[in-house]
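Structure first, commentary second.
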Amino acid sequence: MAFYMITSAHEAEQCLDALDEMRAKGPDMLNKFVFGCKEGDHTGYAIVDEESRGAALSLLPAVLQETACITRVDKFTPADIESFHAKAA
41 MAFYMITSAH
51 EAEQCLDALD
61 EMRAKGPDML
71 NKFVFGCKEG
81 DHTGYAIVDE
91 ESRGAALSLL
101 PAVLQETACI
111 TRVDKFTPAD
121 IESFHAKAA
């Protein structure tokens, strides 16, 4: 499993359809995302723990998949940072 950050923008006209499709995937789906829609930023944001980039993408409604940005993200420990310094030296 890996962490993926999902950024999924939509137009104001798509908002209700996109939210309805996400709601149809079950109540847990809406809990994974936060939205900027009330502020005029029609974007959904999430960090999810999934098997692959494709699995993360499949969380989104089909209408949003084409324009979504899926980025693998990692947490770093102090030891990780020290090893990065050692490798760079």
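Per the working numbering, the very first residue in the sequence shown carries number 41; after that it's consecutive. Think of the CB as a built atom: it goes at the ideal place given N, C-alpha and C, for glycine as much as any other residue. Remember, it's a predicted structure, so these values are computed and weren't measured experimentally.
Quiz item: In three-state DSSP terms, what is H50?
Solution: The answer is coil: DSSP assigns H50 none of H, G, I, E or B.
Quiz item: Between the C-alpha atoms of D57 and A129, what's the straight-line distance to the nearest angstrom?
Solution: Between the C-alpha atoms of D57 and A129 there is a straight-line separation of about 52 angstroms.
Practice problem: Have a look at K65 and A42 and give me their C-alpha separation to the nearest angstrom. | Solution: Going by the C-alpha atoms only, they are around 22 angstroms apart.
Quiz item: What three-state label does DSSP hand F116 in the structure shown?
Solution: When secondary structure is reduced to three states using DSSP, F116 falls in the coil class, being assigned neither helix nor strand.
Quiz item: In whole angstroms, what is the alpha-carbon distance linking T47 and I87?
Solution: Rounded to whole angstroms, T47 and I87 show a C-alpha spacing of 9 angstroms.
Practice problem: Using alpha carbons as the reference points, say which of A95, A126, L99 and A119 lies closest to N71. | Solution: When each option's Cα is compared against that of N71, the closest is L99.
Quiz item: Residues bridged to I110 by DSSP?
Solution: Bridge pairing for I110: I46 [DSSP].
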